[in-house]
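Residue numbers (numbering that gives the first Met the number 0), protein chains in the order written: chain Y, 0 to 477; chain Z, 0 to 163; chain P, 0 to 116. Input: a single structure, listed below in structure tokens.
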Amino acid sequence: MMNFISLLHPFSLEIGLAIIILGLFFLDLFSVQAKKNIGSWAWGLTFLLLLIHLSNWKHFVSALSSTYVHDALSFLLSVFFLITLLFILAMSKSYRHRFERGHSEFYMLILLASLGMITLASTTDFLLLFVSLELITVSFYVMNTYLRTDPKSIEAGLKYLVLGALSSGFLLYGISFIYGLSGSTHFSDIARYASSPEANAKVLLFGFLLVMVGVGFKMGSVPFHFWIPDVYEGAPTPATAFLSVGSKAAGFFILIRLTNIFFPHFQNAWVLLFTLLSAITLIYGNLGAIPQKNIKRFLGYSSIGHAGYLLMGFAAGSTQGLHAVLYYLFSYLFTNLCAFWVVILFSKATESDEIADYAGLSKRSPFLAATLFIALMSLAGVPPLAGFFGKFLLIRAVVEKNLIWLAVLGALNVVVSLYYYLMIVKKMYIDEPQNPETIPLDPSSKIGLSIAIAGIIGLGIFQAPLLQWIESAVKSIL
Amino acid sequence: MESVLFYTFATLVVTTALLVIFSNHPAYSVLYLVLTMFGLASLYVMLHAYFVAAIQLMVYAGAILVLFLFVIMLLNLEREGEESFRSGPSRWLALPLTLVFLVELYTVVMQIHIKGSKGLSVEGNTESLGHLLFTQHLLPFEIISFVLLAAILGTTILSKRNWK
Amino acid sequence: MMEYASLLIVFAFAAFVAGLLIFLTSILGPRRKSEVKEQPFECGFDPITLPRGRFGVKFYLVAMLFIIFDVELVFLFPWAVVFKKLGAMGLLEMIAFLGIVVVGLVYAWKKGALEWE
Numbered sequence: 000m001m002n003f004i005s006l007l008h009p010f011s012l013e014i015g016l017a018i019i020i021l022g023l024f025f026l027d028l029f030s031v032q033a034k035k036n037i038g039s040w041a042w043g044l045t046f047l048l049l050l051i052h053l054s055n056w057k058h059f060v061s062a063l064s065s066t067y068v069h070d071a072l073s074f075l076l077s078v079f080f081l082i083t084l085l086f087i088l089a090m091s092k093s094y095r096h097r098f099e100r101g102h103s104e105f106y107m108l109i110l111l112a113s114l115g116m117i118t119l120a121s122t123t124d125f126l127l128l129f130v131s132l133e134l135i136t137v138s139f140y141v142m143n144t145y146l147r148t149d150p151k152s153i154e155a156g157l158k159y160l161v162l163g164a165l166s167s168g169f170l171l172y173g174i175s176f177i178y179g180l181s182g183s184t185h186f187s188d189i190a191r192y193a194s195s196p197e198a199n200a201k202v203l204l205f206g207f208l209l210v211m212v213g214v215g216f217k218m219g220s221v222p223f224h225f226w227i228p229d230v231y232e233g234a235p236t237p238a239t240a241f242l243s244v245g246s247k248a249a250g251f252f253i254l255i256r257l258t259n260i261f262f263p264h265f266q267n268a269w270v271l272l273f274t275l276l277s278a279i280t281l282i283y284g285n286l287g288a289i290p291q292k293n294i295k296r297f298l299g300y301s302s303i304g305h306a307g308y309l310l311m312g313f314a315a316g317s318t319q320g321l322h323a324v325l326y327y328l329f330s331y332l333f334t335n336l337c338a339f340w341v342v343i344l345f346s347k348a349t350e351s352d353e354i355a356d357y358a359g360l361s362k363r364s365p366f367l368a369a370t371l372f373i374a375l376m377s378l379a380g381v382p383p384l385a386g387f388f389g390k391f392l393l394i395r396a397v398v399e400k401n402l403i404w405l406a407v408l409g410a411l412n413v414v415v416s417l418y419y420y421l422m423i424v425k426k427m428y429i430d431e432p433q434n435p436e437t438i439p440l441d442p443s444s445k446i447g448l449s450i451a452i453a454g455i456i457g458l459g460i461f462q463a464p465l466l467q468w469i470e471s472a473v474k475s476i477l
Numbered sequence: 000m001e002s003v004l005f006y007t008f009a010t011l012v013v014t015t016a017l018l019v020i021f022s023n024h025p026a027y028s029v030l031y032l033v034l035t036m037f038g039l040a041s042l043y044v045m046l047h048a049y050f051v052a053a054i055q056l057m058v059y060a061g062a063i064l065v066l067f068l069f070v071i072m073l074l075n076l077e078r079e080g081e082e083s084f085r086s087g088p089s090r091w092l093a094l095p096l097t098l099v100f101l102v103e104l105y106t107v108v109m110q111i112h113i114k115g116s117k118g119l120s121v122e123g124n125t126e127s128l129g130h131l132l133f134t135q136h137l138l139p140f141e142i143i144s145f146v147l148l149a150a151i152l153g154t155t156i157l158s159k160r161n162w163k
Numbered sequence: 000m001m002e003y004a005s006l007l008i009v010f011a012f013a014a015f016v017a018g019l020l021i022f023l024t025s026i027l028g029p030r031r032k033s034e035v036k037e038q039p040f041e042c043g044f045d046p047i048t049l050p051r052g053r054f055g056v057k058f059y060l061v062a063m064l065f066i067i068f069d070v071e072l073v074f075l076f077p078w079a080v081v082f083k084k085l086g087a088m089g090l091l092e093m094i095a096f097l098g099i100v101v102v103g104l105v106y107a108w109k110k111g112a113l114e115w116e
């Protein structure tokens with residue numbers, strides 16, 4: 000029995016989340032009273048879990064023949080996912096009116112996807128990586144289709160299902176090549192094989208490229224971006240927000256773990272691949288966003304653009320690049336979730352996601368307009384907000400590697416993005432509202448949005464603590 | 000003898016897989032897919048992966064394809080939908096891209112020299128699989144139960160007619 | 000490998016017999032086509048609708064749930080083979096796995112997904 004408990008210890012976070020999920024199932028099935036407040040239950044329990052997890056800091060272990068590690072990096076990533084989870088759970092509450100069937104299932108799916116993300120944060124083995132990715136993807140299939148009488152939601156679910164299954168197939172095919180060469184799915188064994196004299200770098204590169212198809216789908220980088228606009232538009236908005244932060248970050252986190260294995264062995268191909276991917280993704284995302292009429296679609300294109308910025312960090316391939324990626328993701332977490340939360344609150348009051356209806360928002364709800372303004376400015380990268388510092392780190396990392404043209408392209412895209420973000424700001428502040436009714440806000444959303452704004456401004460001004468944490472985390476995997 | 004068997008089954012798999020794509024009626028596609036799955040199972044047997052072969056037949060050929068048939072009958076596809084599905088400019092982009100991929104695949108596969116590994120010992124195949132699954136790969140195994148849970152949740156909520 | 004040759008022969012023989020029967024009926028059977036014979040038969044009426052009707056979505060629900068539990072069962076086989084070696088740990092591992100899936104079963108049951116309405 001002692002044996003069993005000591006075996007469980009490294010997985011305390013996963014087990015905690017699993018218990019929350021199963022507990023919510025029972026609350027939903029057997030208690031009419033708790034069923035009504037299941038969102039609050041989920042939020043409270045997850046918050047408790049985050050506190051316990053934070054107090055466990057520095058208990059680093061590895062388990063299961065080290066296919067699972069709890070190092071400084073996985074600690075950082077799991078905190079990232081838990082914060083995302085708390086935001087998503089909170090904003091789903093404002094979206095409840097759209098669910099004609101039970102809302103409790105939606106919370107459970109969010110938690111199930113988060114469980115996949117949290118195991119993903121600690122994985123050092125392709126098998127575990129694949130299964131966690133599948134858990135994330137399967138939960139998203141259902142979440143995207145959740146508004147089951149809305150044709151757009153069905154379309155979103157179907158597109159995500161077909162392309163998701165295809166990309167999983169590519170991922171598996173790539174893993175099988177890597178496994179066939181190295182005889183192991185374990186990252187450190189693969190790294191050992193890759194640096195041994197008998198290694199076949201070409202085939203390894205081919206396997207890696209196939210894996211990149213699956214990862215690229217998650218990240219939403221061109222040319223694996225086709226699903227993004229339609230799925231972002233059709234899916235329930237909390238699911239879209241979760242896709243744009245949690246699922247996207249999952250892709251980048253996988254790539255961070257893989258960088259050390261593959262980057263040293265085909266540096267030239269790696270740099271070429273990621274500079275190209277980054278450049279195309281930047282241009283496509285930022286130009287695609289300009290003509291959009293629907294705010295969710297608009298944020299979808301802008302999220303493609305952000306994937307382009309993040310890929311710049313991998314094009315640099317340096318430790319600085321990885322620091323920049325992680326910092327950017329944290330700033331993106333607060334910024335993007337803040338923007339989506341405003342979208343949810345706005346659509347709750349007006350039942351519209353059209354950009355045209357945002358006209359005169361500053362008169363209808365000054366708070367929402369100001370919040371969206373700050374979020375959009377941070378997305379564009381205006382100082383002193385978080386988005387600016389993230390972009391600064393990325394461009395600096397690229398310049399250090401002498402990829403000047405990519406840095407220039409990144410800077411140009413900042414200008415383009417500033418243009419289309421300001422278009423929305425103009426709508427909100429200068430145009431007259433068609434319907435001057437004020438938009439009511441509940442206090443809990445106000446608190447949540449204020450926290451997100453505090454995150455955006457805080458990360459923009461006080462960079463040092465997070466940056467130090469990120470540096471120590473990246474050091475743990477070198 | 001072995002290479003004769005391999006090429007027989009490999010041809011079977013490839014031809015039926017092509018027929019899945021090119022047959023006109025989705026129900027025929029599914030039936031060809033059953034044959035593909037059988038061919039794959041025989042290839043697994045030749046690799047001494049008996050457990051995987053058995054699972055392939057039980058789960059894929061047995062259960063999943065029956066579900067496919069159900070869905071096709073459920074949809075009652077009319078002919079009109081098919082044309083728009085097949086045309087479109089992306090179709091002409093697909094061909095060169097596929098060719099590039101195939102050439103790449105060919106050059107890569109020609110380079111591999113896999114050091115003759117016949118998998119695990121013939122008798123203990125399922126046993127060693129079980130051993131790995133329940134020791135080293137325990138976490139993926141437990142995560143799968145959550146994948147199944149998400150699937151049950153999804154099926155129920157999306158396709159149940161009367162909700163209570 | 001070779002011990003499975005007999006299995007292959009049985010397969011080949013079965014395929015041969017089935018193919019032979021189809022082939023023989025197609026050449027030996029008499030064929031007298033006429034317009035009346037070619038028509039679909041519907042109790043003397045002219046056909047009203049297409050023969051393939053729609054299935055109810057409940058079939059899909061049942062089939063889908065069946066597959067999920069089928070996949071669950073697959074994991075019991077390798078477990079049963081090494082059960083004795085794993086000891087109590089193995090039992091607990093499997094109880095956790097099954098327990099989680101059973102929660103799903105209870106959920107589907109309570110929501111009435113197993114009822115035929």
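Built from N, CA and C at the ideal position, the CB exists for glycine as well. This structure is a prediction, so every number in the text was calculated from the model and none was measured.
Any C-beta of chain Z under 8 Å from that of residue i
i               : result
M116 of chain Y : no
L201 of chain Y : Just to set this straight, residue 201 of chain Y is Lys in the shown sequence, not Leu. It does; some Cβ of chain Z falls within 8 Å.
F22 of chain P  : no
G89 of chain P  : yes
V9 of chain P   : no
K110 of chain P : yes
Limits of the unbroken alpha helix (DSSP H) element including residue i
i               : result
H24 of chain Z  : Looking at the DSSP string, H24 of chain Z is not in any alpha helix (DSSP H), and its letter there is neither H nor E.
Y106 of chain P : L75 to K109
S475 of chain Y : From DSSP, S475 of chain Y is part of no alpha helix (DSSP H); its letter is neither H nor E.
Limits of the beta strand (DSSP E) - the one that residue i falls within
i              : result
S93 of chain Y : Here S93 of chain Y belongs to no beta strand (DSSP E), and DSSP marks it neither H nor E.
V60 of chain Y : V60 to A62
Y67 of chain Y : Y67 to H69
Residues near residue i in its chain [Cβ-Cβ closer than 8 Å; skip 5 each side]
i               : result
L53 of chain Y  : V78
N124 of chain Z : H47, A48, Y49, F50 and G118
V202 of chain Y : F176 and L180
G316 of chain Y : T258, F262, Q266, W269, V270, F273 and K400
Own chain, CB closer than 6 Å to residue i, minus 5 neighbours either side, in chain order
i               : result
V33 of chain Z  : A60 and L64
A374 of chain Y : T334, C337 and A338
G299 of chain Y : I227, P228 and Y231
A379 of chain Y : S416, L417 and Y420
G284 of chain Y : Y300, I303, G304 and G307
Cβ-based neighbour list, residue i, same chain, cut-off 7 Å, excluding 5 preceding and 5 following
i               : result
T495 of chain Y : Missing from the structure shown is residue 495 of chain Y; chain Y here goes from 0 to 477 and no further.
I37 of chain Y  : L23, L26, D27, S103 and Y106
A268 of chain Y : L204
T118 of chain Y : E13, L127 and S131
V105 of chain P : none
L113 of chain P : A107
Short CB-CB distance (under 8 Å) between residue i and chain P
i               : result
N23 of chain Z  : no
R90 of chain Z  : no
V12 of chain Z  : no
F24 of chain Y  : yes
A134 of chain Y : Residue identity check: residue 134 of chain Y is Leu in the sequence provided, not Ala. No, L134 of chain Y does not count as interfacial toward chain P.
I151 of chain Z : yes
Residue-chain proximity (residue i, chain B), Cβ-Cβ < 8 Å
i              : result
L28 of chain Y : Going by chain labels, chain B is absent from the structure shown, which instead holds the protein chains Y, Z and P.
The ligand GDP heavy atom lying under 7 Å from the CB of residue i
i              : result
R31 of chain P : Here there are no bound small molecules, and the ligand GDP is not part of this structure.
Beta carbon proximity, residue i to chain Y, threshold 8 Å
i              : result
L64 of chain Z : no
V81 of chain P : no
K84 of chain P : no
I66 of chain P : no
Ranges of the alpha helix (DSSP H) found wholly within the segment 154–230 of chain Y, counting only runs of at least 4: 186–194 and 200–218
Uninterrupted alpha helix (DSSP H) stretches inside the segment 70–145 of chain Y (no shorter than 4 residues): 71–92, 103–121 and 125–143
Cβ contact (3+ pairs, closer than 8 Å) linking the segment 11–28 of chain P and the segment 118–133 of chain Y: At 8 Å Cβ cutoff, the stretches do not touch.
At least 3 beta-carbon pairs within less than 8 Å: the segment 59–71 of chain P vs the segment 146–155 of chain Z: yes
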